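Heads up, the thing below is written out as structure tokens.
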Amino acid sequence: MKKLQQGLMLFERTLGPSLFGILLFIITLGILSRYFLRRPIFWIEEFSNFLFIWFCFLAMSNATGRGAHIVIELFVDIMPFRVRQIVKILHGIILEFVCLILILPCIRIMERYTLSSMMRVPEGVIFLIVPIAFLFFAFHNGLRVVEAFHELVSSPKKISGGGNT
Amino acid sequence: MSLFFFIVFFTGLLAAGMPIAFSMITASVLYAFFNGIDLGFLGTQMYASMNNFILMAIPLFLLASEIMDKTLISKRMFKFANSLVGVIPGGLGHVNVLTSIIFSGMSGAAVADAGGIGRLCYRAMVEEGYDKPFSMSLTAASAVIGPIIPPSIPFVVYAMVMNESVGKLFFGGIIPGLILGLALMAYVFIIAIKRKYKASAQFSFSVLLRSFKEAFLSLMTPLILLGTIYFGVVTVTEAAAVAVIYACILGFIVYRNLTIRDFWDSLKKVFFLSGSIVLLFPAAKVFGFVLIKEDIPQLMMQFTKGFAGEPLLIILFVNIVFFVMGCISDPLVNIMLFMPIFQPLIQASGLSSIHFGIMIVLNAMIGLITPPVGALLITINSFDKVKFSDLMKETWPFILIEVFVLGIVVFFPQTVLYIPNLLFEK
């Protein structure tokens, strides 16, 4: 599973920055076409929005895998190690539940999206990144829960006090 | 699920250490789940929150500062600042503040400022014999200027949440940012006299001219950025892209110290940095949906009626909430979480939305240097081994100075509105 996660994160950190590079290129192209070619490209804004949405959801997923999201650690830090692990497992399970219950309704609602207004591409395909991202969140989060559980079970006497380890 | 349980559940998840954005999403999804709302609809809300051209400015500003950092312009700016203000007692302290002011015209994030040019200034100060805690505190305090002087990521976020003009906010931040810089320099001067910190350079017009010439092209970045926005040549997002392209031209062609590998690394770094920021947008969207469904803005309107004719009380109330939350939470989170709720308070406070925005962002940024979880303090503290209590002892005066500047900004609206009123139609 760890290897699968590494593979997924490699995929995210390769595709994400690549999309961002294309996004930069597209926006620059938009400016150049407006001022130098005197022929504005009408689909630039829509296309860059789509690239940005995919970039963002991949970045969010990758940050979930790295545990890089913003957390208030004030209260967790003063908890004893075992309590902290149990709390981590509990909210991890709740988050897992939330991520999983979102996937199917998101897939179902994709049908309601029609063609995009400028590029005339099925917008549901762009929206597909939402359920995919929640699947990725669930995967990364699930591994963190397992990891926390493993730490709890394997090192019961590791740390008995509080403090940030 | 009632509003009461929603708030209790959300607070519980926050306290339990779940990431803030996920706490917002989890509480909102469970609220929708138990109230029979289509969860797919929440998915569309999250998607819609990202479908916004202006938001792209955030990673683009991050990329511009990343590339600027890689092209070693920090050293050029340091030399220029040193030849300009290094002649005053406490020279390197002033250099630290001035480089923050200059760098803030290229970067939109305080932590990027502290981690980049801030580290360079800190090292120089310590080598020159300045106290480590003082040098750290000053580096953190001066980095707060970063998001006040344009470009600024928090201004983009505020503008998005409040549907306000980013351009006006950008120009509105210039004078408050400069006042903050001057206030910090005045304090550094007093400390320098007290602790006998000497000047770091002797004034020489030729050295100043040479360092200015070396730094000139990088110093042009904020002018290009603001000029193109002001003249309507490009949108804010496009201006951010222009800043990136300009940084690339400097790095690849002019200074020739940027490689393709560096560029790819910068893209990756921005990808990593963006993940935690952008998750806040869908989170704030679904969280806001629940608040609207529960009529919270209406309740807030009722609440403001109690403050009728007391705009000072409202300003004080809002500032206290942001200051307290700033101590334990992230500024962007606070802006996204509280601004939709506080929106009705703007009119009652008697401030314009732009003035209110600058006040909120400045207050939220002070939160970056307040304990226990000031992001800047944590970043700066990683530079060297300094006890956190010693660091805090030196940081408190800076917090007081910044709160004082916040007071000036609140009570003298022209500090914010003068430039936007001059440049834009009211």
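These protein sequence lines map, in sequence, to chains A and B. According to our numbering, the first sequence is numbered sequentially starting from 1. According to our numbering, the second sequence is numbered sequentially starting from 1001. For every residue, glycine included, the Cβ atom is placed at its ideal position computed from N, Cα and C. It should be emphasised that the depicted structure is a prediction, and the values quoted were computed from it without experimental measurement.
For this session: Reducing DSSP to helix, strand and coil, say where Pro-1371 (chain B) ends up.
Result: Shown here, Pro-1371 (chain B) sits in coil according to DSSP, grouped into three states, outside any helix or strand.
Subject >> Extent of the continuous alpha helix (DSSP H) run through Ala-1124 (chain B) >> reply: Looking at the DSSP string, the run of the alpha helix (DSSP H) that includes Ala-1124 (chain B) is 1119 to 1127.
Find the residues of chain B that neighbour Arg-120 (chain A), judging by a C-beta separation of less than 7 Å, and give them in chain order.
Correct list: empty, because the minimum Cβ distance to chain B is about 17 Å.
Discussion item. DSSP has Pro-122 (chain A) in a bridge; who is on the other side?
Written reply: Note: Pro-122 (chain A) sits in a beta bridge opposite A:Leu-115.
Using only the alpha-carbon positions, how far apart do Asn-1082 (chain B) and Gly-1091 (chain B) sit?
Approximately 7 Å, taken between the alpha carbons.
| query | alpha helix (DSSP H) containing Phe-42 (chain A): first to last residue? | reply | Where Phe-42 (chain A) is concerned, there is no enclosing alpha helix (DSSP H), given that its DSSP letter is neither H nor E.
- Task: Look at Ile-1401 (chain B) and Tyr-1130 (chain B) and say whether their C-beta atoms are less than 7 Å apart.
- Result: With contacts defined by Cβ atoms closer than 7 Å, Ile-1401 (chain B) and Tyr-1130 (chain B) do not form a contacting pair.
Query - Helix, strand or coil at Gly-163 (chain A) [DSSP, three-state] - result: Low local confidence applies: a pLDDT of 38 at Gly-163 (chain A) is under 50, so the model's placement there is unreliable, and no value is given.
According to a CB-to-CB cut-off of less than 9 Å, which residues of the stretch 1051 to 1064 of chain B neighbour chain A?
-> Of all residues in the stretch 1051 to 1064 of chain B, only Asn-1051, Asn-1052, Phe-1053, Leu-1055, Met-1056, Pro-1059, Leu-1060 and Leu-1063 come within less than 9 Å of chain A when Cβ atoms are compared, listed by chain position.
- Cα separation between Val-1409 (chain B) and Ile-1314 (chain B)? Separation of Val-1409 (chain B) and Ile-1314 (chain B) (C-alpha to C-alpha, rounded to the nearest whole angstrom) is 16 Å.
Buried/exposed call for His-150 (chain A), threshold 16 Cβ in 10 Å: With fewer than 16 Cβ atoms within 10 Å of its Cβ, His-150 (chain A) is classed as exposed.
- prompt: Straight-line CA distance for Ala-148 (chain A) to Leu-1376 (chain B)?
  reply: Roughly 29 Å separates the two Cα atoms.
What does the alpha-carbon distance come out to for the pair Leu-8 (chain A) and Ser-18 (chain A)? For Leu-8 (chain A) and Ser-18 (chain A), the distance between alpha carbons rounds to 15 Å.
* **Ile-1335 (chain B) in three-state terms, based on DSSP** => In the structure shown, the three-state DSSP call for Ile-1335 (chain B) is helix.
For the alpha helix (DSSP H) containing His-1355 (chain B), name the first residue and the last one.
Per DSSP, His-1355 (chain B) belongs to the alpha helix (DSSP H) from 1353 to 1366.
In terms of residue numbering, what span does the alpha helix (DSSP H) encompassing Met-1018 (chain B) cover? In the DSSP assignment, Met-1018 (chain B) falls outside any alpha helix (DSSP H) and carries neither an H nor an E.
Exercise for review: Please list, in chain order, all residues of the same chain as Phe-137 (chain A) whose beta carbon is under 7 Å from its beta carbon, the five residues on each side excluded.
Suggested key: So the qualifying residues of the chain are Ser-61, Thr-64 and Cys-99.
**Delimiting residues of the alpha helix (DSSP H) encompassing Ala-1183 (chain B)** = Bounds of the alpha helix (DSSP H) holding Ala-1183 (chain B) are 1174 to 1195.
Checklist line | CA nearest to the CA of Ala-1027 (chain B), picked from A:Leu-135, A:Gly-142, A:Phe-97 and A:Arg-144 | finding: That would be A:Phe-97, whose Cα lies nearest to the Cα of Ala-1027 (chain B).
- Message: Measuring straight from C-alpha to C-alpha, what distance separates Gly-1407 (chain B) and Ile-1328 (chain B)?
- Response: Cα to Cα, the separation comes out at about 22 Å.
Contact set between the stretch 1318 to 1331 of chain B and chain A, restricted to residues whose Cβ is under 8 Å from the partner: Against chain A - using a Cβ distance shorter than 8 Å - the residues of the stretch 1318 to 1331 of chain B are Ile-1328, Ser-1329 and Asp-1330.
Taking a cut of 7 Å between CB atoms, which residues from the stretch 41 to 60 of chain A lie near chain B?
Residues passing the 7 Å Cβ filter: Glu-45, Ser-48, Asn-49, Phe-52, Ile-53, Cys-56, Ala-59 and Met-60.
| Taking the alpha-carbon positions, what's the Ala-133 (chain A) to Ala-1247 (chain B) distance? | The straight-line gap from Cα to Cα measures roughly 32 Å.
Are the C-beta atoms of Tyr-1481 (chain B) and some chain A residue less than 7 Å apart? Chain B is shown only over 1001 to 1426; residue 1481 (chain B) falls outside these bounds and no answer can be derived.
- With DSSP run on the structure shown, which of helix, strand or coil describes Ser-1165 (chain B)? Ser-1165 (chain B) falls in the coil class under three-state DSSP.
Report task. Compute the Euclidean distance between the alpha carbons of Gly-1350 (chain B) and Lys-88 (chain A), then round it to the nearest angstrom. Result -> The straight-line gap from Cα to Cα measures roughly 44 Å.
Compute the beta-carbon to beta-carbon distance between Phe-20 (chain A) and Leu-1267 (chain B), rounded to the nearest angstrom, for a pair I have assumed lies under 8 Å. About 5 Å; that satisfies the 8 Å criterion.
Does chain A have any CB closer than 7 Å to the CB of Lys-1385 (chain B)? Not a single C-beta of chain A is nearer than 7 Å to the C-beta of Lys-1385 (chain B).
Q.
Going by DSSP in three states, Gln-1302 (chain B) sits in which element: helix, strand or coil?
A. It is helical.
Original post:
Thinking C-alpha only, which one of B:Phe-1303, B:Trp-1396, B:Val-1126 and B:Met-1300 is nearest Lys-1198 (chain B)?
Top reply: Comparing C-alpha distances from Lys-1198 (chain B) to each of B:Phe-1303, B:Trp-1396, B:Val-1126 and B:Met-1300 shows the shortest one belongs to B:Val-1126.
Kindly indicate which residue of B:Asn-1363, B:Gln-1347, B:Ala-1243 and B:Asn-1421 has the alpha-carbon position closest to the one of Pro-1059 (chain B).
Closest option to Pro-1059 (chain B), judged by alpha-carbon separation, among B:Asn-1363, B:Gln-1347, B:Ala-1243 and B:Asn-1421: B:Ala-1243.
*When DSSP labels each residue in this structure, what does Gln-1202 (chain B) get in the three-state scheme?*
Note: Gln-1202 (chain B) maps to coil in three-state DSSP.
**Prompt:** What residue does the alpha helix (DSSP H) around Gly-67 (chain A) start on, and which one ends it?
**Reply:** It is not in any alpha helix (DSSP H) - Gly-67 (chain A) carries neither H nor E in the DSSP assignment.
Task: chain A residues whose Cβ lies nearer than 8 Å to that of Ile-1025 (chain B) - done: Chain A residues near Ile-1025 (chain B): Val-98.
Cβ contact check for the stretch 1071 to 1087 of chain B and the stretch 1191 to 1207 of chain B: 3 or more pairs under 8 Å
Yes: the two stretches touch, three or more of their Cβ pairs being nearer than 8 Å.
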